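J.:
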Amino acid sequence: MSRLSAITAALSLFAALAPLPAQELTDQFGASVDVGAEPSSGRLVVVWSDRREAPDDIAAWLAAIGSSLPPGTGLLAVADLKAVPFFVPRAGIIKGVADSVPTRPVLLDWKGELIKRLGFKKGGPLVLVLGPGGSVKVAARGGPSPEGAAALAAALR
Numbered sequence: 691m692s693r694l695s696a697i698t699a700a701l702s703l704f705a706a707l708a709p710l711p712a713q714e715l716t717d718q719f720g721a722s723v724d725v726g727a728e729p730s731s732g733r734l735v736v737v738w739s740d741r742r743e744a745p746d747d748i749a750a751w752l753a754a755i756g757s758s759l760p761p762g763t764g765l766l767a768v769a770d771l772k773a774v775p776f777f778v779p780r781a782g783i784i785k786g787v788a789d790s791v792p793t794r795p796v797l798l799d800w801k802g803e804l805i806k807r808l809g810f811k812k813g814g815p816l817v818l819v820l821g822p823g824g825s826v827k828v829a830a831r832g833g834p835s836p837e838g839a840a841a842l843a844a845a846l847r
């Protein structure tokens with residue numbers, strides 16, 4: 691997927707599905723997205739991680755669930771980068787995310803605010819299924835597993 695088509699896909703996703711609290715984030719391709727700017731009546735899966743291995747966590751979950759989502763379900767990937775020390779060059783972090791997840795936009799949350807706004811604590815990979823209006827239907831913590839994938843699939847039916 692080219693950068694332009696990835697950015698276009700991300701922007702169209704957020705225009706259609708935005709049950710998250712309003713916040714502007716930038717992805718690894720440099721596109722800014724105003725998450726939560728529009729009300730939503732659809733379903734959205736949020737794949738989030740705050741670990742050093744966040745790009746790998748996100749890539750693993752996307753591989754596990756990405757192709758099996760029902761039509762009309764949005765998919766949002768977010769790397770929480772608040773713990774990155776100020777002296778670490780951001781360009782290297784962004785390149786690492788782009789290398790790990792080259793085909794789908796991953797929003798880079800440098801302040802770590804999105805997960806707090808959703809009411810969850812940090813502590814490793816988290817996948818949420820949000821229903822209409824942003825209500826949390828299911829939350830799965832940790833890496834992809836058959837149990838986690840089954841819970842997500844059930845919530846999306």
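In case it helps, the working numbering puts the sequence shown at residues 691 to 847. Built from N, CA and C at the ideal position, the CB exists for glycine as well. Note that this is a predicted model, so its numbers are computed, not measured.
Return yes when the Cβ of V817 is within less than 8 Å of the Cβ of V736, no when it is not.
T.: Contact: yes.
J.: Tell me whether S722 sits in a helix, a strand or coil according to DSSP, three-state version.
T.: S722 falls in the strand class under three-state DSSP.
J.: Within 8 Å, do at least three Cβ pairs link the stretch 783–791 to the stretch 801–810?
T.: Counting Cβ pairs under 8 Å, fewer than three are found: no touch.
J.: Kindly identify the DSSP beta-bridge partner or partners of G764.
T.: Looking at the DSSP assignment, G764 forms a beta bridge with L734.
J.: Below 8 Å between beta carbons: does that hold for L798 and L715?
T.: It is a contact, given that the beta carbons lie within the stated cut-off.
J.: Going straight from the alpha carbon of L846 to that of E837, what length do you get?
T.: Rounded to whole angstroms, L846 to E837 spans 14 Å at the Cα level.
J.: What number of angstroms, rounded off, separates the C-alpha of K772 from the C-alpha of A753?
T.: One C-alpha to the other measures close to 25 Å.
J.: Straight-line CA distance for A839 to I755?
T.: Distance between the alpha carbons of A839 and I755: 7 Å.
J.: Considering only residues of the same chain and omitting the five flanking positions on each side of I748, which have a CB-CB separation below 7 Å?
T.: Only V737, S739, A767, A769, V791, V796 meet the Cβ criterion.
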